[in-house]
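Chains as they are written, first to last, in our numbering: chain Y, 27 to 184; chain V, 27 to 184; chain X, 27 to 184; chain B, 27 to 184.
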């Protein structure tokens, strides 16, 4: 219902397509994700901050996120990177639930210990049809990144 | 325990590094994955077939796999592709739980309806240190692929 | 001039957008490339065969293509892969000189000796706006591929 | 001959594997590239600056670099990105001519006009066997990037 309301209203508290302000706030985005993804709370992801063409997310990791050796699994990092890119797109263009990833390339750099992960995303391009963004993932407290991803989102026309 | 036993024995029922036979059977691999990943049964993935440098996996999809619009999510397909590549590597070199993906590039081609997914993986290269493989994902019953991925695995020395 | 003529006529000797026949023949495509790229003949590339959603190219390699160690360089293989994808798109949709690659991911599998390279391309998806294709590159006479690439082309609207 | 001399000497003017200084200077690297690649001067590339895990390159573009529409071609940008990554690796580990790219993923963001291109590369990881780096390409004078690439280099053991 919240999702439907957000889609109807064209979003909460944002000024449409002005160059600099975010189209949705971090609070809007957390609500939007919780409404659209049935098990959002189980992902452990929270949107900490966002701006036009930028987003920062935090993910708590649990036993379900680990692979043999006790480090965070690749698919867990991919989910975080993909979500960060989706959130950065929504923060820039407003609530378009049907925006889809067309491709994503991810490099796993170091094995992350079972701590929180932080994803920093910035959009390298924001066109009418395609957005391209770059995501760097850190293990909380470390300076060297644990993964880096680049992906393309296809933005549906209204 | 099963995992530890498999690692100790160097694997069940396979002939080490012969060119053509698989190093592990589909049954060995299902047992190995269930032992190494605490929630393997919740992934919905089963290894249907494997051979030297090849693997075929099936994944049942449930509500947790869906994104807005009711199609299977990108991270779900990534997890399947990554697992297929890991399984094809293990099928070729035997049980090395600590083999890790170094990178993966995935293209999402069509939105898959909520049906079983099939992943077909073949290794394009199987070196001593690196393996590179190609995964094509189909929605059960369709001929056109829904996703294609290419990835690199780093194989630990013994 | 040939290029302008081809663009005006909508292409030579092909039937527009029928499902199965190629939109341009291998001879059409060789002429189109020679007209559009000022130094096409210096690339050493020839289009050997094409069909709807498919293309096969051959490239002769010379001293300019080599890197230290005497093997064919990565950028040379990238150029061949990118051209193969462009040609497969043109073979399918007709002469659209301004179709552009939006991204390309390439894996270098083996060091190719200074012999001809063969590129086999097939399109995994051919949409109205985007085409995604897969290219495998062989060193002439070898069965194992030397490189594999996957890329996306953006197709301009008319 | 210069190349052989550099390889014999283990490099000119650098302190081996200290954490912070570059293993080779920009002047060393320009000489090394000219010695190893027979047509280096025809690439139009110059190494402007480098440091441990970093490099900046400039490329002049000419008629040979253009595609239909008069913009710089994708393979030209790929060659620049690949060279920038190679140079950043050499700047960090010293002259290892046989370091090879294992994969590279490139996104083309905007069509670059026929002006100089600038590539900024930084290594995200510098391991003993693998280095992973990120390259952003700009058209001289523009703030928005025209291409972004991420790649992996395999570093030979001595």
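Glycine is no exception: its CB is placed at the ideal position from the N, C-alpha and C atoms.
Query: Let me check understanding here. Comparing Cα to Cα, which of 158/X, 181/X and 167/X lies closest to residue 80/X?; Result: 158/X
Query: Could you confirm whether any beta carbon from chain V is found closer than 7 Å to the beta carbon of residue 28/B?; Result: Any reading at residue 28/B must be qualified, since the residue scores a pLDDT of 45, below 50, and its modelled position is unreliable; no value is offered.
Query: In chain order, what residues of the same chain lie with their CB nearer than 8 Å to the CB of residue 141/X, ignoring the 5 residues before and after it?; Result: 87, 165, 166 and 167
Query: In chain order, what residues of the same chain lie with their CB nearer than 6 Å to the CB of residue 38/B, ignoring the 5 residues before and after it?; Result: Model confidence at residue 38/B stands at a pLDDT of 34, short of 50, so the residue's coordinates are unreliable; what they give is reported in the following sentence. Contacts found: 54.
Query: At what residues does the alpha helix (DSSP H) containing residue 54/B begin and finish?; Result: 52-62
Query: For residue 103/Y and residue 155/Y, what's the separation of their Cα atoms in angstroms?; Result: 26 Å
Query: Is residue 131/X close to chain Y? Criterion is C-beta to C-beta, closer than 7 Å.; Result: yes
Query: Do residue 129/X and residue 133/B have their CB atoms nearer than 7 Å?; Result: yes
Query: Would you decide whether residue 120/B is buried or exposed? Buried here means 16 or more other CB atoms lie within 10 Å of its CB.; Result: buried
Query: Less than 7 Å separating the beta-carbons of residue 82/B and residue 74/B?; Result: yes
Query: Specify, as a first and last residue, the run of the alpha helix (DSSP H) that residue 115/V falls within.; Result: 100-119
Query: Please state whether DSSP places residue 142/B in a helix, a strand or coil.; Result: coil
Query: Quick check: is the beta carbon of residue 172/Y nearer than 7 Å to any beta carbon in chain B?; Result: no
Query: So for residue 91/V, helix, strand or coil by DSSP?; Result: helix
Query: Quick check: residue 60/B and residue 66/B, are their CB atoms within less than 7 Å of each other?; Result: yes
Query: Going by DSSP, name the residue or residues bridged to residue 75/X.; Result: 82/X
Query: What whole-angstrom Cβ distance do residue 152/V and residue 118/V have, given they're in contact under 8 Å?; Result: 6 Å
Query: Need the endpoints of the beta strand (DSSP E) that residue 128/X sits in, please.; Result: 126-134
Query: Just grab the DSSP bridge partners of residue 160/V for me.; Result: 148/V and 176/V
Query: For the alpha helix (DSSP H) containing residue 68/X, name the first residue and the last one.; Result: 66-69
Query: Check the Cβ-Cβ distances between residue 124/Y and every residue of chain V, and say whether any is below 7 Å.; Result: yes
Query: Quick test of your reading: residue 162/V and residue 171/V, contact by CB under 8 Å. State the CB separation rounded to the nearest angstrom.; Result: 5 Å
Query: Please list, in chain order, the chain V residues whose beta carbon lies closer than 8 Å to that of residue 156/B.; Result: 128 and 180
Query: Which one of 47/Y, 138/Y, 78/Y and 97/Y has the shortest CA to CA distance from residue 111/Y?; Result: 78/Y
Query: Near residue 48/Y, which residues of its chain fall below 6 Å by C-beta distance, leaving aside the five closest residues on each side in sequence?; Result: 76, 77, 78 and 117
Query: Measuring only the C-alpha atoms, how far is residue 175/V from residue 131/V?; Result: 5 Å
Query: Note down, in chain order, each residue of its chain lying with its Cβ closer than 7 Å to the Cβ of residue 138/V, except the 5 sequence neighbours on either side.; Result: 97, 98, 165 and 172
Query: Whole angstroms is fine: what's the gap from residue 126/Y's alpha carbon to residue 50/B's?; Result: 44 Å
Query: Put residue 41/B into one of helix, strand or coil per three-state DSSP.; Result: The pLDDT assigned to residue 41/B is 37, lower than 50, so where the model puts this residue is not dependable; a value taken from the coordinates is nonetheless given after this. Coil, per DSSP.
Query: Taking Cβ-Cβ distances below 7 Å as the criterion, which residues of the region 141-168 of chain V are in contact with chain X?; Result: 150, 151, 158 and 160
Query: Could you pull out every residue in the same chain whose Cβ sits closer than 6 Å to the Cβ of residue 146/B, ignoring the five residues on either side in sequence?; Result: 82 and 162
Query: When you compare only the Cα positions, how much space is there between residue 115/V and residue 135/B?; Result: 35 Å
Query: Going by other Cβ atoms of all chains shown within 10 Å of its Cβ, with 16 needed for buried, is residue 36/V buried or exposed?; Result: Its pLDDT being 37, under 50, residue 36/V is placed unreliably by the model, and nothing is read from it.
Query: Pull up the CB-CB distance for residue 101/Y and residue 89/V, whole angstroms please, since I reckon it's below 8 Å.; Result: About 18 Å separates the two Cβ atoms, so there is no contact after all.
Query: Quick check: the Cα distance between residue 149/B and residue 160/B, rounded to an integer number of angstroms?; Result: 6 Å
Query: Which residues in chain V have a C-beta closer than 8 Å to the C-beta of residue 86/X? List them in chain order.; Result: Chain V residues near residue 86/X: none, gap ~24 Å exceeds 8 Å.
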